[in-house]
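> Here's a structure for you.
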Amino acid sequence: MKTTLASGLLMLTALLYGSEIFRIEFKDGQIHTNGGKAVIRNSPSIENTVGNGTFLTKITSEKQGRGGLQLQFATPKNSPDGMVQNGQINGAIEFFIKYNRPVNADSPVNLFRVIDFGSQKEGMRVALYNFGNRRKQCGELWLDLVSGRNIFNINGKQKKIVRQTANYTLEANQLYHFALVFATTPEKKLRIDLYAAENGAEIIPAKNKPLLSLTADVAETELAKGFQCNPHLNSFMMNSNKDSIGLERWLGKCVFYNQVPQSFPGHETFGGKP
């Protein structure tokens, strides 16, 4: 009886909260991870600070450099490829992020890569980015699913990229909660829904409307390959140059799931500057 009850509780927990395969969060100046580790990458032009609920990366000079936070997965099952099971992709990635500058026409930076992972050479690559001062794409948020080969069927033609866009400007000092939800449909197509909530609010997929949705018609053999991520994720690294002096980015909790939770809780300890 006890075993049955315990199993039932585990199943209920997985249904409500999803099954976490990687987590990083920040408490009292310490980095806490499960499913791997995080390495702070400093450079002469980039400073990093761990705070309560946040990780701050700040560009201090125009010297070219690269710094921020590099995620290192314990195994491929702790990476986005952990969402690949039985030839299908199901799961989610959520994270909290804030900038001290808007990503708009007045931004000195023309493109922010919000998150980017996978290998378009060996598998599929997912890239979410926001355009600043590029005239034609200003204020657009793009979600790309990319391959180095023509594996996506679009209107009867094989293509290397599937893209969806939304008019969505990242404002200064606004805490964004993003959730990417992955699901393989009954037709064996890959669907990616992007949810966004401001002020770090909770996201409930059953109640909230996706900011954008992308559906890819891809062969089952290619779907089963997944993303072929390398052991390191560099999405939360930044490059410094003369246009980015003074740019600050706060990163909050980031979690990968191999099941989609019913809700993505809001951020309770995002205290602004560390």
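Our numbering applies: residue 186 is where the sequence shown begins, and numbers increase by one.
Using N, Cα and C, we set each Cβ at its ideal position, and we do this for glycine too.
Computed from a predicted structure; not experimentally measured.
Going by DSSP, what residue range makes up the beta strand (DSSP E) through Lys212?
Note, Lys212: beta strand (DSSP E), 205 to 212.
> Rounded to the nearest angstrom, what separates Gly451 and Ala364 at their Cα positions?
Approximately 11 Å between the Cα atoms of the pair.
> Just confirm the distance between the C-beta atoms of Ile244 and Ile231, as a whole number of angstroms; I'd bet it's less than 8 Å.
Right, the Cβ-Cβ distance comes to about 6 Å (below 8 Å), so this counts as a contact.
> Could you say if the stretch 243 to 262 and the stretch 331 to 339 meet the contact criterion of at least three C-beta pairs nearer than 8 Å?
These segments do not touch.
> Put Asn263 into one of helix, strand or coil per three-state DSSP.
DSSP places Asn263 in helix when its eight states are reduced to three.
> Using DSSP with H/G/I as helix, E/B as strand and the rest coil, what is Leu328?
DSSP places Leu328 in strand when its eight states are reduced to three.
> Beta strand (DSSP E) containing Glu433: first to last residue?
Counting along the chain, the beta strand (DSSP E) containing Glu433 begins and ends at 433 to 442.
> Spell out the partners DSSP gives Asn237 in its beta bridges.
Asn237 pairs with nothing; no bridge assigned.
> Thr400 lies in the beta strand (DSSP E); which residues open and close that run?
Taken as a continuous stretch (DSSP letters only), the beta strand (DSSP E) holding Thr400 covers 397 to 401.
> If distances are taken between C-alpha atoms only, which option among Lys410, Arg376, Cys439, Lys373 comes closest to Gly385?
Checking every option, the nearest Cα to that of Gly385 belongs to Cys439.
> From what residue to what residue does the beta strand (DSSP E) around Lys410 run?
Here Lys410 belongs to no beta strand (DSSP E); instead the alpha helix (DSSP H) covers 405 to 410.
> Any idea if Ser348 is buried or exposed, counting beta-carbon neighbours within 10 angstroms, 16 or more meaning buried?
A small correction: the amino acid at residue 348 is Arg; Ser does not occupy that position in the sequence shown. By the 10 Å Cβ count, Arg348 comes out exposed.
> By DSSP's criteria, Arg226 is part of a beta bridge. Which residues make up the other side?
Gly253, per the DSSP bridge assignment.
> Secondary structure at Met268, three-state DSSP: helix, strand or coil?
DSSP places Met268 in helix when its eight states are reduced to three.
> Note down, in chain order, each residue of its chain lying with its Cβ closer than 8 Å to the Cβ of Ala357, except the 5 sequence neighbours on either side.
Answer for Ala357: Tyr284, Asn285, Arg286, Pro287, listed in chain order.
> With a threshold of 8 Å, are at least 3 pairs of Cβ atoms found where one atom belongs to the stretch 297 to 307 and the other to the stretch 366 to 373?
In short, these stretches do not touch, since the Cβ pair count stays below three.
> When DSSP labels each residue in this structure, what does Lys306 get in the three-state scheme?
Correct three-state label for Lys306: coil.
> Starting from the Cα of Phe297, find the closest Cα among Phe455, Tyr314, Pro265, Ile206 and give me that residue.
Of Phe455, Tyr314, Pro265, Ile206, the residue nearest in Cα terms is Tyr314.
> Checking 8 Å against the spacing of the C-beta atoms, do Ala381 and Tyr361 come in under that value?
Going by C-beta atoms, Ala381 is nearer than 8 Å to Tyr361.
> Kindly list the residues whose CB is nearer than 6 Å to the CB of Arg376, restricted to its own chain and excluding five residues on each side of it in sequence; keep chain order.
Cβ within range, chain order: Ala368, Thr370, Thr400.
> Tell me, please, whether the stretch 263 to 279 touches the stretch 400 to 419 by the rule of three or more beta-carbon pairs shorter than 8 Å.
Yes: at least three Cβ pairs fall under 8 Å.
> Can you name the residues that DSSP bridges to Asp378?
Note: Asp378 sits in a beta bridge opposite Val366, Ser398.
> Quickly, what does DSSP pair Glu279 with across the bridge? List them, please.
According to DSSP, Glu279 bridges with Ala364, Val440.
> Compute the Euclidean distance between the alpha carbons of Phe441 and Glu279, then round it to the nearest angstrom.
Looking at the two C-alpha atoms, the distance is approximately 7 Å.
> Note down the Cα distance separating Glu453 from Asn227, rounded to an integer number of angstroms.
Computed Cα separation, rounded: 28 Å.
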